[in-house]
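Before any comments, here is the structure.
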Amino acid sequence: MKSILTTILLFLGSIAFAQTNQEQQNKSIALGVFEAFNAHDWQKMAGYYHDEAVIEDPSEPEPVIGVADMPTKYAGYAEFVPDIQDKVTNLYVFRNHVVIEFTSHGTTIEGDAFSLPICTIMTIEDGKITRDASYYDLKN
């Protein structure tokens, strides 16, 4: 009986370790996106995403499927806001989902400073982001 219990506990422990390891990898992927964003390395940033990732953003009328245009889109943001940066304030990982609270800030080429709180939920499968849904207030 003791050996069965020990075997079960070891099995459950290995599952918990594997899940924790996967969650740590997912956290690293999410943080890699922000590191690439802050370096304005749009190609590297896009590399964290699956080719057919679903990107949901309040500034787009419909979800965007795929990341082929991501480097060009973000390069355009950087032209308008050359010092754009994101500061992660909270990050939560649960299995293959990462929730990130962050503030995007910078100064436009017209000299207007901004600070925009954003919440993003990423779904990560097989080491790539398959869904990125961002939420923020466009009116303010």
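Note that this note's numbering numbers the sequence shown so that position 58 is 872, with each residue one more than the last. All C-beta atoms, glycine included, are put in the ideal place defined by N, C-alpha and C.
Query, Result
"Candidates Asp883, Ala927, Phe916, Glu915: which alpha carbon is nearest Pro896's?", "Ala927"
"To the nearest angstrom, how far is it from the Cα of Val847 to the Cα of Thr834?", "20 Å"
"Identify, in the order they occur along the chain, each residue of the same chain with its Cβ nearer than 8 Å to the Cβ of Leu826, setting aside the five sequence neighbours on each side.", "Any reading at Leu826 needs caution, since the residue's pLDDT is 46, under 50, leaving its predicted position unreliable; the model's value is listed next. Nothing listed; no residue qualifies."
"According to DSSP, which residues form a beta bridge with Asn910?", "The partner list for Asn910 (beta bridge, DSSP) is empty, contrary to what the question assumes."
"Taking Tyr891 as part of the alpha helix (DSSP H), name the residues at either end of that continuous run.", "884–894"
"When we look at the beta-carbon of Asp865 and count the other beta-carbons within 10 Å, is it buried (16 or more) or exposed?", "exposed"
"Measure the alpha-carbon distance for Trp856 versus Ala867 and round it to whole angstroms.", "16 Å"
"Between Ile871 and the rest of its own chain, which residues show a CB-CB distance below 7 Å, the 5 nearest in sequence each way excluded?", "For clarity, residue 871 is Asp in the given sequence; the question names Ile instead. Answer for Asp871: Ser948, listed in chain order."
"What does Gln899 pair with, by DSSP beta-bridge criteria?", "His919"
"Quick one: grab the DSSP three-state call for Lys953.", "coil"
"Let me check understanding here. Comparing Cα to Cα, which of Lys942, Gln836, Gln899 lies closest to Pro931?", "Gln899"
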